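Right, one structure below, let's go through it.
Numbering (my numbering), first residue to last: 88 to 353.
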């Protein structure tokens, strides 16, 4: 049950990060983003892979829902620890109770890291080749314990997929006229698409209905963490990405990209 093992590792990683904090309440955006990413990874990626009945995961799901709600407020740091302990114990119990039945279905439920069919949205064979190369390189970075490099590449792939979605439109009026489109301060006109940032693509995609609020939240988490490519930001915030973080973001990124390619909407 690789998905449960991944979820347990994510919970343990989150607990370690929260224990390092000294404030009574969890107020920093970095900590809140990690809490949100952990919960969203469960609901968007890990939970669907399990193919288990909701009744089996009822208690676990409720705790993850609590995490999603709690990170939107300045929740007491001490409130999180019993919840994290409970969800870890719950995941271990689910794994023990369902290991035999799950193994019987493992061949059907296996989720591969193979690159998706980018040609569902992108027609340029050179761009497809680049994205496949980036996808494979991202996996290599994670395996080589280079989490920051992997996270930066994930953001780049999301940008490319969202730009491809925009370019697939014969009429881009809705995109250009959206309230979230970035404006050039000098000309008061919308910036060329090539100058948009991941934030811009995500905000516009959400405004015009391509992605849900959940997907928007996920994109923001990924955006925040890949900003640690700047050394002084990492130093000032005291946040260091580890392999578990990159694996968490990778699960989320794969889910978003695959759903955009398959349906155009998350």
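Backbone N, C-alpha and C define an ideal beta-carbon position, used for all residues, glycine too. Here the structure is a predicted model, which means the values were calculated and not measured.
Query: Which two residues bound the contiguous alpha helix (DSSP H) that contains residue 114?; Result: Per DSSP, residue 114 belongs to no alpha helix (DSSP H) and is neither H nor E.
Query: Which value, in whole angstroms, describes the spacing of the CA atoms of residue 101 and residue 121?; Result: 7 Å
Query: With residue 110 and residue 175 assumed to form a contact (beta carbons below 8 Å), what rounded beta-carbon distance in angstroms separates them?; Result: The pair is not a contact, with the Cβ atoms about 23 Å apart (cut-off 8 Å).
Query: Should residue 255 be labelled buried (16 or more other beta-carbon atoms within 10 Å of its own) or exposed?; Result: exposed
Query: Here's a check: name, in chain order, each residue in its chain whose Cβ is nearer than 8 Å to the Cβ of residue 307, leaving out the five neighbours to either side.; Result: 120, 286, 289
Query: Buried or exposed: which applies to residue 344, given that a residue is buried once 16 or more other Cβ atoms fall within 10 Å of its Cβ?; Result: buried
Query: Nearest to residue 331 by CA position, among 185, 235, 251, 152, is which residue?; Result: 235
Query: Please determine, among 281, 328, 144, the residue with the shortest C-alpha to C-alpha distance to residue 184.; Result: 144
Query: Between which two residues does the alpha helix (DSSP H) harbouring residue 145 extend?; Result: 145-157
Query: How would you label residue 279, buried or exposed, when you count the other beta carbons within 10 angstroms and need 16 or more for buried?; Result: exposed
Query: Specify the secondary structure class of residue 295 as computed by DSSP and reduced to three states.; Result: coil
Query: Hey, quick one: how far does the alpha helix (DSSP H) through residue 97 stretch, first residue to last?; Result: 89-107
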